[in-house]
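Notes follow the structure.
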Amino acid sequence: MGVQGLTTYVESNRNFLQDVRFRDSRLVIDGCSLYFRLYFNYGFDQQHGGDYDAFASFLNEFLSALETCNIKPYVVLDGGMDPSDKKFATLRQRLQSRIKEADSICHGRNGSVLPILVRKVFIQVLNQRGIPLVQCPAEADWEIACLARQWNCPVLTNDSDFYIFDLPAGYLPLHFFQWTNLNGKASQRYIPSRCYTTNNLCRCFGGMNRELLPLCAVLTGNDYGAPKETETLLALVDVSALGRGGGRGRGKAPASRVEGILIWLSSFPNVTEALKEVSRLMDGAAGAGRRGQGGGLSSKLLAAMQEYNIKAQSPLAPWFSKGTLAPKGKTSGLAQLPECLSLAAARGQLSPLALDAFVMQRVLLIPQVENSKLASSHCSSRPIRQAVYGILLQKAENTATPVQTQSHGSGSPIFVEEYDRLDLKLSKNQVESVILWNHIHLDGLSQAPAAVRLGVLFEVLGVTQSALAPVPLNLQLAVAVTGFWLREATPAPSQPLLQALVIGMIYGELTSNNQPGAPRFLSALDRQRVRSGERRGVDVGAAHCLSQWQSCLWSALCLNQLLLVPLPEPNVLFSGTLVHGLFRYLKGGWPVESLLPGGSLSGQLCFCLLDAVKDCSLKTNPSSFGSGKKKRGRGRGRRGRGRRGGRGRSQGGGRGSEEINNRFALLMSEEEEEED
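Numbering (the working numbering), first residue to last: 16 to 691.
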C-alpha cells in the first residue's frame, strides 16, 4: 500500500517528525520494506543477477546494530496477493514497469529491479539469527499496525500508509533510521532516528480529528485506487476551500494536493460531518434531477477507509508469544491449506508463489535482467511450477490413475494464470497443472514418508539419487537444479559458464561457514569479481542463462518447501559479480585448475560437483515431464569436460562416498594449514 505524495509532504515538514534516540524497545519491522531499502539504497548489484553474499553480510550488520541497542525486532512479511483483487491493476502496472526497468539495466541504463532470491536470503539470515518472523497470508500492513498498537511499540517501514494508521508509539521511517551511526556510551547505545505520530500531524492542522486521516488517504489515492467520482469531488473541494480562504493560514494556497485535502478535512469535527459535505457537494454538482449521487460516493469512501481501521488485539500476537496461528479471517482462501502448510507459510517457509497459486490460481513472475529478445527466463522453469500447481490444486479423486496432465484424467484441466514477460510487454499465459506419476495429494503431505516426498522432487527435476550420492547433502538441491537447468535452458549454457557457477557455489558455501581466517582460495576468487564502474557492459548471453538458473532454483525451492523440505535448502549465496567475473576469466581460455590450489580438496570438490551436475543433466528418469533437450554430446557424464590444460578425470570422481563426506570441514582445515 501507499498514499500518493504523502511521504514527500510529511518528510519535507520537520514539525511532523521528532528526533528520537531509539533503544531498549520492541520494534515491529515491515520485512518487505526493509529488504527493498537495504538492497537498493546501499548499492548492491542488480545488473549481474544480484550479490546475495554481500547482502546477507550487510543484513547481519543491521541485526547486530539492533542487538547492540537492545532493540528486539519482530519481522512481518507480506504473503500472497490481496484476494479481493482491489490492488491487482496496480500490481500489473508495477510488473510492467519492472519489465522495462530490467531491460534498461541490461543495457547499462538506470533502473531498479530486485534480484529474484533476495527475499529468500533475507528469511534465511533471519532464521540463522533467531529473529522472530511471520509471513502474513496477504499484504501485511494492517496486521503490522494492529501488532504495534497492541504492543505500544513503533513500526519500522518505508510505507506511507503508516502516516495514516493511528499508532501510539509512532512510525520510524527507514529513511531516517540511522542504524549505521550508533551513538551513546557503550552500555547505552542508541540509533538516531525520527518518529512520526498522527498527533504531530493533526496538531499542525488545528487539532484535527485523527479519524479523518483515513479519509485523506482515500481521497488522495492509494494502491487500492479511489472511486472514480473522487476527481469530481476534489475539483469542487478546491473551489470550496479557496472560497473559505483555506484552513491553515487564510488566503495561502496549499503547498500540495495532500495539504489541500488536509486543510479541507480539518474544518470538520468528525468523519460523519465530512461525508455529509461530500454528499452535499456531489448532489449540488449533479443537479436537481440526479440527487442521491453524493450518498453513493460517501458510502464508497467509508468502505475504503476500513483498510485503516486497526484493532486493539492483533492476530499476530499469539504467533509471536505461543507460535499459534490466529483464525484466517480476512484471507479465508488459505483456510483449506493443511495445518502443516499453514504453519510453514506463517514461518516464511512457503513462498508467495504457492499461496497465490492456491488462493487465486494466478501468479506474477518476477522480472529479471535478461535478453528481452529471447523468451522469458521463467520459461525454462515452467515444468517445476506445473508440478507445484498440480500438488496444490488437483483433487484426490482425479489421481487414481497416474497421468501427466489433468486433461488426460477424468476431470477438467486446471490452469494457473502466469503473468510474465513477452518481449517487453506483460503477458498472461494459461499454464496447465501437472499430476505426477508419484502424485501426493495436498491433504496427504504430512503423512507421506520423507522418501516418497523426495522421490517426487527427484521426478520433477529429472534426477536420480545415485547421481547425487557423491554430493554434500546441503548442496544436493542446487546440483539437481543445475542439472535440470542444463537440460532446459535455451540457449544451452556453455562449459565455462557451468564451471563458473559451480565454483561460485563452493565460494558461497565456504563463506557461509564463517570459519576464522580467509582462505587463499576465497581471496583468489574475489580478485575475479566484476567491479562496479567497469566500462564494459554486462554479457547479456551469460546474464540470460544465469537468470534461467535463478528461476529454476527459485521454483525448485518453492517445490521443496511444498513437499515439506525433503532436501535441506542450500544457502542462497550466489554472487552475480563473482560468477560473471569467473565466466569471463574461464572463457578467456584459463583452466579451472588455475583458480584452485594444486591438488587441493577444493579442486576435488569442484570436479566432483561438475561430474554430478553432468550426471543430473542426463535424461535418465523416464517419468520426468521436462522437455529433456539433448545436449549434443557436450560434456556428458564424467568424461569430455573439455577443461583446457586439465586432467582427464576429476580428482574426486572415483573416491568412495565416505571419503568425500563433510568436504567443507576438510577443505577449511586444509586451507588453514597451508596458510600457517
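Think of the CB as a built atom: it goes at the ideal place given N, C-alpha and C, for glycine as much as any other residue.
Nearest-angstrom Cα distance between Ala557 and Ala350? Against the sequence shown, residue 557 aligns to sequence position 542. Against the sequence shown, residue 350 aligns to sequence position 335. C-alpha separation (whole angstroms): 43 Å.
Nearest neighbour of Glu322, chosen from Glu82, Cys210, Ala232 [CA to CA]: Residue numbering aside, residue 322 sits at position 307 when the sequence shown is read from its first letter. For the residues Glu82, Cys210, Ala232, the minimum Cα distance to Glu322 belongs to Ala232.
Are the beta-carbon atoms of Asp34 and Arg209 separated by less than 8 Å? Counting from 1 along the sequence shown, the entry for residue 34 is found at position 19. Counting from 1 along the sequence shown, the entry for residue 209 is found at position 194. A contact, by the Cβ cut-off of 8 Å.
Rounded to whole angstroms, what is the Cα-Cα separation between Gly64 and Arg52? For the purposes of this step, residue 64 is identified with residue 49 of the sequence shown, where counting begins at 1. For the purposes of this step, residue 52 is identified with residue 37 of the sequence shown, where counting begins at 1. Whole-angstrom Cα-Cα distance: 17 Å.
With three or more beta-carbon pairs closer than 8 Å as the criterion, would you say the stretch 470-477 touches the stretch 510-530? no
Measure the C-alpha to C-alpha separation of Leu249 and Leu492 and round it to an integer number of angstroms. Along the sequence shown, read from residue 1 onward, the residue named residue 249 stands at position 234. Along the sequence shown, read from residue 1 onward, the residue named residue 492 stands at position 477. One C-alpha to the other measures close to 56 Å.
Own chain residues within Cβ distance below 8 Å of Leu197, not counting five before or after: Here residue 197 refers to the residue found at position 182 when the sequence shown is read from its first residue. Excluding residues within five positions, the ones whose Cβ falls inside 8 Å are Ala80, Thr83, Cys84, Arg204, Tyr205, Ile206.
Run of the alpha helix (DSSP H) containing Lys696, from where it starts to where it stops: The chain is shown only over 16 to 691; residue 696 falls outside these bounds and no answer can be derived.
Using only CA atoms, which one of Leu171, Phe192, Cys631 lies nearest to Tyr186? In the sequence shown, the residue the question calls residue 186 occupies position 171. Comparing Cα-Cα distances from Tyr186 to each of Leu171, Phe192, Cys631, the minimum goes to Leu171.
Are the beta-carbon atoms belonging to Val446 and Arg397 less than 8 Å from one another? Residue 446 sits at position 431 when you count from the first residue of the sequence shown. Residue 397 sits at position 382 when you count from the first residue of the sequence shown. Yes.
What do you get for Thr195, buried or exposed, if any count of 16 or more other CB atoms within 10 angstroms of its CB means buried? The count along the sequence shown starts at 1 and reaches residue 195 at position 180. Exposed is the call here.
Straight-line gap, Gly94 to Asp371 (C-alpha atoms, nearest Å): Locating residue 94 in the sequence shown gives position 79, where the first residue counts as 1. Locating residue 371 in the sequence shown gives position 356, where the first residue counts as 1. The straight-line gap from Cα to Cα measures roughly 9 Å.
Per DSSP, what kind of secondary structure is Val467 in: helix, strand or coil? One-based indexing of the sequence shown puts residue 467 at position 452. Val467 falls in the helix class under three-state DSSP.
Mapping DSSP to helix, strand and coil, what is Thr23? Position 8 of the sequence shown, counting from 1, holds the residue named residue 23. Here Thr23 sits in helix by DSSP.
Closer than 6 Å by C-beta to Ala71: which residues in its own chain qualify, once you throw out the five before and the five after it? Chain order, please. By one-based count along the sequence shown, residue 71 stands at place 56. Excluding residues within five positions, the ones whose Cβ falls inside 6 Å are Val136, Val140.
Note the first and the last residue of the continuous beta strand (DSSP E) segment covering Leu42. Counted from its first residue, the sequence shown places residue 42 at position 27. Start and end: 40-45.
Does the separation of the CB atoms of Arg10 and Pro353 fall below 8 Å? Here the chain comprises residues numbered 16 to 691, so residue 10 is not present and cannot be evaluated.
Could you check the C-alpha separation between Gly236 and Asn30 for me, to the nearest Å? To locate residue 236, count along the sequence shown from 1; it is residue 221. To locate residue 30, count along the sequence shown from 1; it is residue 15. Going by the C-alpha atoms only, they are around 24 Å apart.
Rounded to a whole number of angstroms, what is the C-alpha to C-alpha distance between Lys443 and Ala361? For the purposes of this step, residue 443 is taken as residue 428 along the sequence shown, with counting starting at 1. For the purposes of this step, residue 361 is taken as residue 346 along the sequence shown, with counting starting at 1. Straight-line Cα distance between these residues: approximately 29 Å.
Own chain partners of Leu512 with C-beta closer than 7 Å, once the 5 adjacent residues on each side are dropped: Locating residue 512 in the sequence shown gives position 497, where the first residue counts as 1. Excluding residues within five positions, the ones whose Cβ falls inside 7 Å are Ala557, Cys560, Phe598.
Taking the Cβ atom as the reference point for each residue, do Asp176 and Leu439 lie within a distance shorter than 8 Å? Mapped onto the sequence shown, residue 176 falls at position 161. Mapped onto the sequence shown, residue 439 falls at position 424. In this structure, Leu439 does not lie closer than 8 Å to Asp176 by Cβ.
Can you tell me the Cα-Cα spacing of Val403 and Leu579, whole angstroms? In the sequence shown, the residue the question calls residue 403 occupies position 388. In the sequence shown, the residue the question calls residue 579 occupies position 564. So the alpha carbons of these two residues sit roughly 12 Å apart.
Per DSSP, what kind of secondary structure is Gln563 in: helix, strand or coil? As a first step, residue 563 must be located in the sequence shown, where it is residue number 548. Gln563 falls in the helix class under three-state DSSP.
Proximal residues to Thr213 (C-beta, below 7 Å), its chain only, five neighbours per side dropped: Counting from one through the sequence shown, the residue named residue 213 turns up at place 198. Cβ neighbours of Thr213 beyond the five flanking positions: Asp181, Arg225, Leu228.
Is the beta carbon of Ser281 closer than 8 Å to that of Phe373? For this step, residue 373 is matched to residue 358 along the sequence shown. For this step, residue 281 is matched to residue 266 along the sequence shown. No, these two residues do not count as a Cβ contact at 8 Å.
Can you find the residues in the same chain that come closer than 6 Å, C-beta to C-beta, to Arg134, ignoring five residues on each side of it along the sequence? Residue mapping note: residue 134 aligns to position 119 of the sequence shown, counting from 1. Around Arg134: no qualifying Cβ.
What is the DSSP secondary structure of Leu148, counted as helix, strand or coil? In the sequence shown, residue 148 corresponds to position 133, counting from 1. Strand.
Just verifying my parser: in three-state terms, what is the DSSP assignment at Val384? Taking the first residue of the sequence shown as 1, we reach residue 384 at position 369. Residue state, collapsed to three classes: coil.
Same chain only: Cβ atoms within 7 Å of Pro694, ignoring 5 sequence neighbours per side: Given a span of 16 to 691 for the chain in the structure shown, any question on residue 694 remains unanswerable.
Buried versus exposed, by CB contacts within 10 Å (16 or more), Pro487: For the purposes of this step, residue 487 is identified with residue 472 of the sequence shown, where counting begins at 1. With 16 or more other Cβ atoms within 10 Å, it is buried.
Which same chain residues end up closer than 7 Å to Ile146 when comparing Cβ atoms and leaving out the 5 residues on each side of it in sequence? Residue 146 sits at position 131 when you count from the first residue of the sequence shown. Taken in chain order, the residues that qualify are Leu78, Pro88, Val90.
Pairwise C-alpha distance: Ser294 and Leu21: Taking the sequence shown and counting its residues from 1, one reaches residue 21 at position 6. Taking the sequence shown and counting its residues from 1, one reaches residue 294 at position 279. Each residue's alpha carbon lies about 25 Å from the other.
Please name the residue, chosen from Gly618, Arg544, Arg109, Cys567, that lies closest to Tyr600 on a Cα-to-Cα basis. Walking along the sequence shown from the start, residue 600 turns up at place 585. Of the candidates Gly618, Arg544, Arg109, Cys567, the one whose C-alpha sits nearest the C-alpha of Tyr600 is Arg544.
Bridge partner(s) assigned by DSSP for Ser208: Position 193 of the sequence shown, counting from 1, holds the residue named residue 208. Answer is Val35, bridged to Ser208.
I'd like the span of the alpha helix (DSSP H) that includes Tyr67, first residue to last. On the sequence shown, position 52 is the one that residue 67 refers to. That run of the alpha helix (DSSP H) goes 67-83.
Grab the span of the alpha helix (DSSP H) containing Gln514 for me, first residue to last. Numbered from 1 along the sequence shown, position 499 holds the residue referred to as residue 514. That run of the alpha helix (DSSP H) goes 510-527.
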